[in-house]
Amino acid sequence: MNIANKISTFRILSVPFFIASLVYYTPERDYLRIVALVIFIIAALSDAADGYMARKSKQQSKAGLILDPLGDKLLLMSAFISLCVDSHLGIRFPLWVILIVISRDVIIILGAIVIHVVKQRINIFPTRWGKLTTIFQMSAVISVLVQFKFSFIFWQLAVIFTVVSGIDYIKRGFQVLYALDNSRNSH
Numbered sequence: 727m728n729i730a731n732k733i734s735t736f737r738i739l740s741v742p743f744f745i746a747s748l749v750y751y752t753p754e755r756d757y758l759r760i761v762a763l764v765i766f767i768i769a770a771l772s773d774a775a776d777g778y779m780a781r782k783s784k785q786q787s788k789a790g791l792i793l794d795p796l797g798d799k800l801l802l803m804s805a806f807i808s809l810c811v812d813s814h815l816g817i818r819f820p821l822w823v824i825l826i827v828i829s830r831d832v833i834i835i836l837g838a839i840v841i842h843v844v845k846q847r848i849n850i851f852p853t854r855w856g857k858l859t860t861i862f863q864m865s866a867v868i869s870v871l872v873q874f875k876f877s878f879i880f881w882q883l884a885v886i887f888t889v890v891s892g893i894d895y896i897k898r899g900f901q902v903l904y905a906l907d908n909s910r911n912s913h
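Counting from 727, one number per residue, gives the positions in the sequence shown under the numbering used here.
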């Protein structure tokens with residue numbers, strides 16, 4: 727297991743601790759919100775670190791192609807859900823934000839499964855829109871964790887980028903499927 731995969735695995739393993747700190751959070755135990763914030767920031771930084779390490783050391787692997795996005799999805803989905811349902815927080819995500827974020831990820835995952843079934847392989851790589859979406863989603867989570875008065879600005883930007891990247895991934899998915907159909911028809 728290379729360093730980048732170890733970092734991605736660390737991010738995945740940090741998710742239960744992040745969730746637990748929010749589950750047990752109350753205003754009387756505000757330190758748990760700070761613990762969740764620290765865990766989230768470290769996990770978010772590890773997202774940048776694992777990609778950088780894999781590229782710099784040329785250690786990109788099949789495991790990394792799964793572990794890195796899995797770590798991102800687990801961290802972000804658990805954060806958005808936890809920060810929506812926690813009734814102790816003054817500022818939290820509205821349900822519609824969660825529905826948009828999760829719907830995009832479910833559509834991407836289902837699309838990847840369809841492409842894998844049809845093509846028997848799939849090349850997973852983040853797009854510029856996907857990377858920007860991750861940055862804005864992470865910023866939105868941090869703004870809610872710090873209870874920033876204007877968090878709604880961050881989550882609205884995150885939603886815009888989530889929708890744009892979702893449309894981009896859907897378009898790319900159809901291009902991959904249609905390219906397969908066109909190559910079969912030309913033979």
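Just so you know, even glycine gets a beta-carbon here, dropped at the ideal spot from N, CA and C. Owing to the predicted nature of the structure, the values given are computational and were not obtained by experimental measurement.
| Check | Outcome |
| --- | --- |
| What would DSSP say about H814, mapped onto helix, strand or coil? | coil |
| Ignoring anything shorter than 4 residues or poking outside the stretch 824-884, list the alpha helix (DSSP H) runs there in chain order. | 854-871 |
| With a 10 Å radius around its C-beta and 16 neighbouring C-beta atoms as the bar for buried, classify S869 as buried or exposed. | buried |
| According to DSSP, is F819 helix, strand or coil? | coil |
| Thinking just about the alpha-carbon of each residue, which of V832, T752 and Q882 is nearest to the one in L800? | V832 |
| Compare the beta carbon distance of M864 and A780 with 7 Å and say whether it is the shorter of the two. | no |
| What is the rounded straight-line gap between the Cα of M794 and the Cα of Y751? | Sequence check: residue 794 is Asp here, not Met. Whole-angstrom Cα-Cα distance: 28 Å. |
| To the nearest angstrom, report how far apart L809 and V872 are at their CA atoms. | 11 Å |
| Within 10 Å of its beta-carbon, does Y895 have 16 or more other beta-carbons around it, so buried, or fewer, so exposed? | buried |
| Measuring CB atoms only, is the stretch 764-778 touching the stretch 875-883, in the sense that at least three cross pairs come out at less than 8 Å? | no |
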